[in-house]
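Going by full-length UniProt numbering, the residue at position 303 of the sequence shown is 303; the numbering climbs one at a time, nothing skipped.
We treat Cβ as the ideally placed atom computed from N, Cα and C, and that holds for glycine.
Working notes for the structure below.
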Amino acid sequence: MIDRIVVIGGGISGLSSAFYLQREAERQGKKVQLTIVDGAPDLGGKINTLQRDGFVIERGPDSFLARKLPILELAKDLGIENELTAQNENGKTSYIMRDGKLHPMPKGMVLGIPTNLDTFMQTTLLSEEGKARSLQDLEMAGAAPEGDESLGDFLSRRIGPEIVKHISEPLLAGIYAGDLSKLSIQATFPQFAEAERQYGSLIRGTQLKQQNKAPQQAPDYLPDELKNSVFLSFKQGLSTMVHALDQALQSVNRRMGETVVEIKPLEGEDAAARYEVVLESGEVLPADHVLVTIPAFNAADLLEPLVDVTELRAIQYVSVANVVMAFEKSTFDKTFDGSGFLVPRSEGLRITACTWTSNKWLHTSPDDKVLLRCYVGRAGDEQSAMLPDEELKKAVLEDIQKVLGIDAVPIFTQITRLPRSMPQYPVGHLDNTARLRKRLSEELPGVYVTGAAFGGVGLPDCIRSGKEAAHEIAESL
């Protein structure tokens with residue numbers, strides 16, 4: 001008997017799921033027929049590397065945390081671990097803007113939480129009152145509420161509004177392009193709530209966890225020069241991983257440029273399969289298992305005729321854009337010792353952050369050029385990301401000139417818009433997800449959901465969730 005599995009979505013979550021499903025079926029000696037369906041013409045989803053004039057330009061995500069092993073394990077499984085590259089040792093300092101000036105991030109900050117109080121007290125990012133208020137966290141009684149709360153409410157309660165406004169918001173909200181007052185702490189940074197519960201203080205808990213944390217041993221298969229880098233990428237860009245997955249999945253059927261319009265349950269003992277997956281073209285794919293990895297709003301449209309999708313509708317999305325600018329180094333007249341800077345909402349700029357890409361990632365630019373990548377759009381300011389090209393180029397260049405004090409003209413500018421691309425995990429998200437999956441298992445057995453909408457927006461998180469879904473399906477083959 002052959003199990004027919006349709007994976008809806010050809011991004012990294014869908015590709016990881018298909019890869020591990022294929023491998024697990026082979027290990028178990030079971031026959032499966034895998035089909036990937038995606039409305040885009042090519043695999044990879046938001047991963048999109050552009051090679052241009054000697055530059056390596058990421059139009060989607062640009063790197064990943066080295067400590068998150070699922071992506072390293074996938075690289076090893078694909079045989080591309082030697083293609084990995086580390087960030088520049090001399091480009092690790094990050095800055096935050098306040099009152100129009102760039103201030104270095106205080107040493108010892110862990111996700112914006114001070115652990116080295118001496119360097120924290122020296123920072124110019126906060127007033128003396130703001131620093132004193134943050135340190136009150138050390139004396140406050142632990143007041144962790146039952147259940148979930150917003151990340152913004154938690155941080156304001158523990159370390160005060162000033163550090164939240166000038167450090168936490170641009171740093172943490174930047175990861176999700178979100179609003180801290182609406183993001184679930186349990187779904188984004190559960191370690192913060194755990195520090196309060198366990199130690200009665202966010203700062204003390206973070207300090208002790210850092211002190212007591214055993215050094216993470218880098219996998220043996222990782223080249224030595226990569227083992228101390230916080231972030232990693234690939235020498236020819238993140239699309240290296242997509243190309244390797246494409247090759248590894250050559251036996252998998254593809255329906256690219258096709259949209260799924262309906263999932264039809266089939267009833268009766270004589271039914272040839274559990275479901276029919278209907279494509280916009282009219283083609284019908286029989287399926288014993290259906291894995292949905294597309295954004296929550298698309299998944300909701302597809303599943304709503306069959307099951308309550310309240311939890312999917314609760315996941316809002318934010319539109320963003322990235323604007324990459326290349327310059328001649330000879331005309332740029334500016335050196336920078338860091339990886340980039342963050343821009344709080346209060347600064348009133350269009351850009352939310354800027355990565356000095358050619359300094360952070362030496363493989364991305366010829367030696368005589370400078371490459372910058374600017375981010376535009378966040379919750380409450382999505383219209384900036386949707387400005388017409390010329391307006392967006394002008395706005396971003398004006399911001400860069402204002403912050404860095406340059407008057408250089410870019411050689412070229414590359415704009416990538418990512419509408420409704422950043423899922424926002426609402427308070428109660430983990431319970432919502434568990435409730436939705438339980439309902440699916442009861443009412444639509446054989447239909448699963450996974451992807452960035454559920455267990456993390458980073459590439460390693462998407463790969464982990466894809467692998468978990470693959471193993472769950474494999475157990476029921």
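Considered as a whole, the stretch 41-107 harbours 49-52, 55-58, 84-86, 93-98, 101-104 as its complete beta strand (DSSP E) runs of no fewer than 3 residues, in chain order.
In this chain, Lys165 is not harboured by any beta strand (DSSP E), its DSSP state being neither H nor E.
Straight-line spacing of the CA atoms in Val318 and Asp53 works out to 32 Å.
Taking C-beta atoms as the reference points, Asn432 and Glu311 count as a pair closer than 8 Å. Between the beta-carbon of Leu291 and that of Ala177 there is about 26 Å, and that puts the pair past the 8 Å contact cut. About 7 Å separates the Cβ atoms of Leu111 and Phe189, confirming a contact at the 8 Å cut-off. In the DSSP assignment, Thr413 falls outside any alpha helix (DSSP H) and lies within the beta strand (DSSP E) extending over 412-424. If you draw a 10 Å sphere on the C-beta of Lys31, you find fewer than 16 other C-beta atoms in it, and that means exposed. Straight-line measurement puts the Cα of His289 at about 20 Å from the Cα of Gly39. Annotation for Gln217: no alpha helix (DSSP H) segment contains it, and DSSP assigns it neither H nor E. In the displayed model, Ala132 falls within a helix according to three-state DSSP. Closest in C-alpha terms to Thr93, from the list Ala193, Thr35, Ser339, comes Ser339.
Taking all protein chains shown into account, Glu267 has fewer than 16 neighbouring C-beta atoms within 10 Å of its C-beta and is therefore exposed. Where Glu146 is concerned, there is no enclosing beta strand (DSSP E), because DSSP gives it neither an H nor an E. When Cβ pairs closer than 8 Å are counted between the two stretches, the stretch 51-70 is seen to touch the stretch 218-236, the count reaching three or more. In this structure, Gln87 and Ser239 do not form a Cβ contact; the two beta carbons are roughly 18 Å apart against a cut-off of 8 Å. If you compare the alpha carbons of Ser16, Gly11, Ala25 with that of Ile2, the shortest gap goes to Ala25. When secondary structure is reduced to three states using DSSP, Gly205 falls in the helix class. In the three-state scheme derived from DSSP, where H, G and I count as helix and E and B as strand, Arg4 is classed as strand. Under the rule that a run must span 3 or more residues, the beta strand (DSSP E) segments found entirely inside the stretch 275-323 read 275-279, 284-287, 289-292. About 7 Å separates the CB atoms of Tyr375 and Val320; that is less than 8 Å, so the two are in contact. His166 counts as buried, since no fewer than 16 other beta carbons sit within 10 angstroms of its beta carbon. Contact annotation: the stretch 96-105 touches the stretch 117-134, with at least three C-beta pairs closer than 8 Å.
Tyr20 has no beta-bridge partner at all, per DSSP.
Note that the C-beta distance between Asp399 and Arg350 is below 8 Å. Taking 8 Å as the cut-off, the beta carbon of Ile294 is found no closer than this to the beta carbon of Tyr275. In this chain, the alpha helix (DSSP H) harbouring Lys438 covers 429-443. Glu398 carries a helical assignment under DSSP once its states are collapsed to helix, strand and coil.
Beta bridge pairing from DSSP links Asp381 with Arg378.
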